[in-house]
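When we follow the numbering used here, the leftmost residue of the sequence shown carries the number 1, and every step to the right adds one.
Just so it is clear, CB atoms sit at the ideal spot from N, CA and C, and this is done for glycine as well.
I have placed the structure first, in the form of structure tokens, so that the comments after it can refer back to it.
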Amino acid sequence: MRTKYKDRMKNFNISLTVPALDEEQLKEKLQAFQDLQDHLEHDDFIASTTIIVEHPDIVDFIKEVIPEEGEELTMTDYIKIAKKAFERFA
1 MRTKYKDRMK
11 NFNISLTVPA
21 LDEEQLKEKL
31 QAFQDLQDHL
41 EHDDFIASTT
51 IIVEHPDIVD
61 FIKEVIPEEG
71 EELTMTDYIK
81 IAKKAFERFA
């Protein structure tokens, strides 16, 4: 993935403490972080994190409206989701 920052990126070594019930949960959390980092541009990554930190209830909302694997959303589904989001978060 090529971003406007990719050419200027440096690698940094960090020490990180991640609370997890076990090694499997730790791996899942680190993989989720890596997936977000790999698939979002820097600004989108920061904005997404900010939204989740400021509004953690949005995660439950996303779980409610996310389609089942292989299921396609229709335009009506998108409108219903937008209406539901407006009612809950506006």
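*Start and end of the alpha helix (DSSP H) containing K42?*
Residue 42 is actually His in this sequence, not Lys. Run containing H42: H42 to E54, per the alpha helix (DSSP H) assignment.
*Measure how close the beta-carbons of V65 and K84 come, nearest whole angstrom, since I'm counting them as under 8 Å.*
7 Å
*Is the distance from the Cβ of R88 to the Cβ of F61 below 8 Å?*
yes
*Return the chain-ordered list of same chain residues with a C-beta closer than 8 Å to the C-beta of I52, the five sequence neighbours on each side being excluded.*
These residues qualify, in order along the chain: I58 and V59.
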